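First comes the structure, then the notes that go with it.
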Amino acid sequence: MQSDKDPILGKIANYYSGKLAEHGPSARGVDWNSEQSQVLRYEQLSRVIDLVGGFSINDLGCGYGGYFDYLARKYDRIQYNGFDLSADMISAAQHRFARNDCARFMVAGEPDSVVDFGIASGIFNVRLDSPGDSWSAHVLRTLDVMNSTSRRGFAFNCLTSYSDQEKMRDYLYYSNPGNLFDHCKRNYSHNVALLHDYGLYEFTILVRKL
């Protein structure tokens, strides 16, 4: 879904462009509290990757390309595709990796090709003024897209509905982990893992298809 066709996604693109302008290409520039927590998320998401190298991957909501930095340090011979609603984020990523033939970045709300793995980190968290039911439907549509554009599996994270009530914010979206686990198990694969034990107010779901 493109941001110019959906007003709420356009607002979210502007939200993240503002974070980038304020903090630059960094963890805080994509609205995470720290680089340490950002890397911890990458570690959980990457557990869906069952190859040591020679694979392709779509990163939906890639930001400035932080996840590609992480992957490039750990894996050989990867083909990375990054997609983001924010043109400013994509511009920053393209500038950072202008000489790297293993990565390409596009302004888009959906992947344009089928690859081995799909990743989405943080893209469901900020809903701004979108109604909860509408945002829930958007999440499920996006998971359908991730499923249809990945051969071996995909992974995503969400803020958890088990967060402390006093710390929850109206403009953020908190999902029930059991409900999403059930949805993935029933619709995408029998091999699904729910990770809710890594010290953050969120969870990660891994969907393995092979």
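The C-terminal position of the sequence shown is numbered 210 in my numbering, with every residue numbered one higher than the one before it. Don't be surprised by glycine CBs; every beta carbon is placed ideally from N, CA and C. These figures come from a predicted structure and were not determined experimentally.
A buried status is given to G66, since no fewer than 16 other beta-carbon atoms sit within 10 Å of its beta-carbon. DSSP places A87 in the uninterrupted alpha helix (DSSP H) bounded by A87 to R96. Beta-bridge pairing by DSSP links S163 to no other residue. Less than 9 Å separates the beta-carbon of F68 from that of F97. Taking 8 Å as the upper bound for CB-CB distance, G82 and A103 are in contact here, some 7 Å apart. Inside the segment 99-147, DSSP marks no whole alpha helix (DSSP H) run of 4 or more residues. Secondary-structure assignment with DSSP links C158 through a beta bridge to F203.
For F68, the secondary structure class from DSSP, reduced to helix, strand or coil, is helix. Per DSSP, reduced to three states, the secondary structure at Y15 is helical.
Residue burial annotation: K167 is exposed, with fewer than 16 other C-beta atoms found within 10 angstroms of its C-beta. Here A21 carries a helix assignment [DSSP, helix/strand/coil].
Contact between the segment 79-94 and the segment 31-48 is not established, with fewer than three Cβ pairs separated by less than 8 Å. Check the Cα spacing between N179 and each of S46, R208 and T160: the tightest is with T160. Annotation for Y80: no alpha helix (DSSP H) segment contains it, though the beta strand (DSSP E) segment containing it runs Q79 to D84. In this structure, DSSP gives G63 a state outside helix and strand, which the three-state scheme calls coil. Residue pairing by DSSP places Y174 opposite L159 in a beta bridge.
With distances taken between CA atoms, D197 lies nearest to Q44 out of L140, Q44 and Y171. Membership of L45 in the alpha helix (DSSP H) is indicated by the continuous run E35 to L45. Ranked by Cα distance from A13, the options G61, D50 and W32 are led by G61.
A27: not part of any beta strand (DSSP E); DSSP gives it neither H nor E.
Under the three-state reduction of DSSP, L51 is assigned to coil, being neither helix nor strand.
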